[in-house]
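Residue numbers (the numbering used here): 255 to 379.
Idealized CB from N, CA, C, for every residue including glycine.
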């Protein structure tokens, strides 16, 4: 991911093309809400025009993509969530996706139940 100088002073390091809060929230969500019964890693792919984060396991129970965009959540790993507030940049259940989406609207979610994975695609705007 590149840094851009647009609107920055000459000696500035620039700002990330995609805000840090967006990437941070999506990675924290992947860590906290993945299915740990599936022996597969969380994968992060960086392309020229997007970042993809793939977590093992689809959305739990009756949770939908529309639900998570509105802050409705379901704790798959409650023990991890209870410790996350002390260990990660975690701000509370059901707030991360809304916070990321407020900062950056080019976020797509794919709940691949057949492939048993959840994919987040953060595109450049």
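Under the three-state DSSP convention, the category residue i falls into
i	result
residue 273	coil
residue 292	coil
residue 304	strand
residue 332	helix
residue 376	strand
residue 361	strand
residue 367	coil
Short Cβ contact (8 Å threshold) for residue i with residue j
i	j	result
residue 360	residue 376	yes
residue 275	residue 353	yes
Residue i to residue j span [Cα, whole Å]
i	j	result
residue 325	residue 348	4 Å
residue 331	residue 270	31 Å
residue 288	residue 367	13 Å
residue 308	residue 373	4 Å
residue 296	residue 280	11 Å
Identity of the residue in the options nearest residue i by Cα
i	options	result
residue 294	303, 374, 340, 370	370
residue 286	299, 279, 363, 335	335
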